[in-house]
Amino acid sequence: MSNGPHSIEPDENSDPFQIRVASRVDRLPPYLFARINALKMRKRRAGDDVIDLGMGNPSDPPADAVIDKLCEAARDPRSHGYTESQGLKNLRREVTSKYLKRYGCRLDPESEVIVCLGSKEGFSHMCLALLGPGDSAIVPAPSYPAHLYGVALSAANAISLEVMDTEKFLSNIAYTCQHLYPRPKVLIINYPHNPSAVTVEPDFYVEVVKLAKRYGFMVISDLAYCDVAFDGYKPPSFLATPGALEVGVEFTTMSKGYNMAGWRVGFCAGNAEMIKALATIKGYYDYGMFRPIQIAAIVALRDTDAAVEAQSALYQQRRDVLCDGLTRLGWDITRPRAGMFVWAKIPEVWQAQMNSLDFAMKLLQEGDVAAAPGGGFGPAGEGYLRLALVENENRLRQAVRQIGRCLGERAKTLSQPAVSDQPSGFQPGPSAVNEEQFQLHAEIEDRHWWFVARRQILRRLVEQIVPPSPKATLIDVGCGTGGNIGAFTDAYSCLGIDTSADAIRWASKRFPSVRFVEGFAPADIDEPMRTADLVMLNDVLEHVDDDYGMLHSLIEAMRPGAHLLLTVPADRRLWSEHDVSFGHFRRYTQTRLQRVWRDLDVDVRLVSHFNTRLYLPVRAVRAWTHWRGQAMGEAGTDFSIPPKPLNQTLRWLFAGESNRLSNILAGRSTSPYRRGVSLIAVLQRREQPVEPSTASLVQHPVELLEATPQCG
1 MSNGPHSIEP DENSDPFQIR VASRVDRLPP YLFARINALK MRKRRAGDDV IDLGMGNPSD
61 PPADAVIDKL CEAARDPRSH GYTESQGLKN LRREVTSKYL KRYGCRLDPE SEVIVCLGSK
121 EGFSHMCLAL LGPGDSAIVP APSYPAHLYG VALSAANAIS LEVMDTEKFL SNIAYTCQHL
181 YPRPKVLIIN YPHNPSAVTV EPDFYVEVVK LAKRYGFMVI SDLAYCDVAF DGYKPPSFLA
241 TPGALEVGVE FTTMSKGYNM AGWRVGFCAG NAEMIKALAT IKGYYDYGMF RPIQIAAIVA
301 LRDTDAAVEA QSALYQQRRD VLCDGLTRLG WDITRPRAGM FVWAKIPEVW QAQMNSLDFA
361 MKLLQEGDVA AAPGGGFGPA GEGYLRLALV ENENRLRQAV RQIGRCLGER AKTLSQPAVS
421 DQPSGFQPGP SAVNEEQFQL HAEIEDRHWW FVARRQILRR LVEQIVPPSP KATLIDVGCG
481 TGGNIGAFTD AYSCLGIDTS ADAIRWASKR FPSVRFVEGF APADIDEPMR TADLVMLNDV
541 LEHVDDDYGM LHSLIEAMRP GAHLLLTVPA DRRLWSEHDV SFGHFRRYTQ TRLQRVWRDL
601 DVDVRLVSHF NTRLYLPVRA VRAWTHWRGQ AMGEAGTDFS IPPKPLNQTL RWLFAGESNR
661 LSNILAGRST SPYRRGVSLI AVLQRREQPV EPSTASLVQH PVELLEATPQ CG
């Protein structure tokens, strides 16, 4: 029906209206990280704790002085207007000061430095300033995606050359320039390289400058990881090379070393004409950076060198943890000298079965570990994973453990404990307990004062936590020959688990009413773990290289509200042949033990030393035997049982500590034992996990990952 003389009747036969985007969008390379990000979001929304090593997104905060200056500047009413797109002059001066101090390179802050809204923004706009239809640029392969799509968005062609062999890379640059017409207009270089972590020495840049002058191409150097280097290596700057200012520019960022990724502070320095071209483009696109951020960045550049060095050292520690762990799983790992990534070659057995994207999906789906597939950085990256060092050391150990479980791999060898964990003179090794000793151990568990008294203490605490009932379930992880769990069969439903088939066989003979399982919790007994009321972990953690990972997996498998009761040997000064023969990795201090559960969703109901009354006698005996050169264990390495009167006295002294421990557990006392031969703790899994803002080990969900490329 017509509404007037100018109304247009809809044509029912016309085609649906179409949105026709520009051809430059079609030129963008496929985004292979989308599947990973979508699955990551689904798992997080389902409550899964994903260890995200896929993106180089720093998880540590900037220095306090930087944050304080940001807050101070933001309160200034003059700080909230537009600023110059080139950036504050004082900030540009600090950039030139850094170049002079670190590289001996003199720059003019007026004409040779510009501030960018992150180096990615600056790089993309520099491509628009230098490249157009018909032009070509040489980009590194494997390629950080921004290097490819910056060229693509400028309507130019990208020529990918592999960078893993730097000599070959230089040779291929020359060959390409000699045989391609028109010659490449721009060379993009990126060292330390993302994703491969390949590094170069200053003489590499000397050759680059020679090639640039010979063949007439401009150079864009991306020095994003200049502040993150290891083992004494110092990443060189392209601009420090004689003649570099004539042919190119260099981008740097405060995202990595300064932990200011979300602040979007980057710089471009170098050739004045190229800087002027970038400034022209930026003048049409932005009004500069928020002034308080620039003021805070000045403080960061001027006053936080020590914090940057400490952050680099932290990344080195994380690198070592991750590389050591993957090496123990049998992976072929090259330890990076710089950057915040490990470029890990996928084991050949898995390369034969799937590509890097499918492999990364498997780790995420089955192991809750997110990684960036090498194929996402182009064909040259296929067969690799990029793993970001953005999680703390405990989470990285856990990630290795989950990768091993997902792939059905186990560490080839156990790493040695830190020097600080035990005195020199003893090196831990596999348990020396053989089958004959299992039988002897089973007999001694029934009579020796230490075992009997410890069972009495455990019994009192367990009954206090979980009232006796046939419906209540107890699980003893690392049950050995069953002496502990067997003592609870009269009042509880009991399950024992141990990795030793011999131990399980002996335990089954001793306690036929107890169900025993050979394996490792929680994968082998996942369902029982989720119904258990209390899990015991008695003198087990000291046998485990990754004690945090083991405890985390147990807590993760337990139902909310369930309890974990654990004991460990204490005091490194008591280290003896007993620890060596049983494959201990460490004896614990209370601080060291509390660190194991520090970031887990648990409430601590009890933590205390125990076997305190006998601490001084035990220490005296240890000192005497060390002096004689004959180390002894707590119960004696020959498993001898003391004469009956002495055995009963020692049992009475040890078991008498149960009153104080019970009072602490009940809240009637807040005075734990401050020293002892062992440590005891009771943890309860929280009914509701803490909010992400207070759980430092649980990464915050990142919204809109499905729609927004995240490949930092």
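Numbering-wise, full-length UniProt numbering puts 535 at position 535 of the sequence shown, and it's gapless, one number per residue. C-beta: ideal position from N, C-alpha, C; glycine also. The model shown is predicted, which means the values in this text are computed figures rather than measured ones.
query	result
Assign residue 717 to one of two classes, buried (16 or more other C-beta atoms within 10 Å of its C-beta) or exposed (fewer than that).	No statement about residue 717 is possible, as the shown extent of the chain runs from 1 to 712 and does not include it.
Is DSSP giving Gly429 helix, strand or coil here?	With a pLDDT of 33 at Gly429, under the threshold of 50, the modelled position of that residue is not reliable, and no figure is offered here.
Taking buried to mean at least 16 other C-beta atoms within 10 Å of its own C-beta, is Arg291 buried or exposed?	buried
On the CB-based measure, 16 or more other CB atoms within 10 Å of its CB, does His80 come out buried or exposed?	exposed
Please classify Asp545 as buried or exposed, where buried requires at least 16 other C-beta atoms within 10 Å of its C-beta.	buried
Within a Cβ cutoff of 6 Å, which residues of the same chain sit near Phe654, ignoring the five residues on either side of it in sequence?	Ala453 and Asn611
How about Leu679 and His609: are their beta carbons less than 7 Å apart?	yes
Identify every run of the alpha helix (DSSP H) within the region 181–224, keeping only runs that are complete inside it and at least 4 residues long; order them along the chain.	202–215
Pick helix, strand or coil for Met41, following the three-state DSSP scheme.	helix
Taking Lys471 as the reference, give the member of Arg459, Asp533, Tyr615 and Ser255 with the closest Cα.	Asp533
To the nearest angstrom, how far is the alpha carbon of Arg328 from that of Asp502?	26 Å
Would the beta-carbon of Phe204 fall within 7 Å of that of Thr166?	yes
Can at least three beta-carbon pairs, one atom from the region 39–53 and one from the region 358–375, be found at a separation below 8 Å?	yes
Which same chain residues, not among the five before or five after Pro560, have their C-beta less than 7 Å away from its C-beta?	Arg685, Arg686 and Glu687
Does the beta-carbon distance from Leu683 to Val618 come in below 7 Å?	no
Can you check whether the CB of Met260 is closer than 7 Å to the CB of Pro62?	yes
Should the region 336–351 be regarded as contacting the region 378–389, the criterion being three or more beta carbon pairs within less than 8 Å?	yes
Taking the CB atoms as reference points, tell me whether Leu474 and Phe451 lie closer together than 7 Å.	no
For a test of the three-state rule: what should DSSP assign to Phe251, helix, strand or coil?	strand
Have a look at Lys120 and Met126 and give me their C-alpha separation to the nearest angstrom.	10 Å
Determine the burial state of Gly549: buried for a count of at least 16 other Cβ atoms within 10 Å of its Cβ, exposed for fewer.	buried
Is Glu391 helix, strand or coil by DSSP?	coil
Would you mind working out which of Tyr103, Cys268 and Ala296 sits nearest Leu70, comparing C-alpha positions?	Ala296
On a CA-only basis, which of Ala38, Ala174, Ala155 and Ala229 is nearest Val25? Give me that one, please.	Ala155
What separation, rounded to the nearest whole angstrom, lies between the Cα atoms of residue 713 and Arg183?	No statement about residue 713 is possible, as the shown extent of the chain runs from 1 to 712 and does not include it.
Work out the CA separation of Val621 and Gln422 for me, nearest whole Å.	Because the pLDDT of Gln422 is 33, which lies under 50, any placement of that residue in the model is unreliable, and the question is left without a value.
Just how far apart, CA to CA, sit Leu131 and Leu187?	11 Å
Going by the CB atoms, is the gap between Leu364 and Leu107 shorter than 7 Å?	no
Going by DSSP, which residues form a beta bridge with residue 716?	Nothing in the structure corresponds to residue 716, since the chain is present only between 1 and 712.
What span of residues does the beta strand (DSSP E) with Leu574 cover, start to end?	It is not in any beta strand (DSSP E) - Leu574 carries neither H nor E in the DSSP assignment.
Spell out the partners DSSP gives Ile403 in its beta bridges.	According to DSSP, which records beta bridges pairwise, Ile403 is partnered with nothing at all.
From the DSSP output, in three-state form, read off Ser23 for me.	helix
Gly496 and Gly482 - do their beta-carbons sit closer together than 7 Å?	yes
Who are the near neighbours of Ser493 in its chain, counting only those whose CB is closer than 8 Å to its CB and skipping five residues on each side?	Pro470, Lys471, Ala472, Thr473 and Leu474
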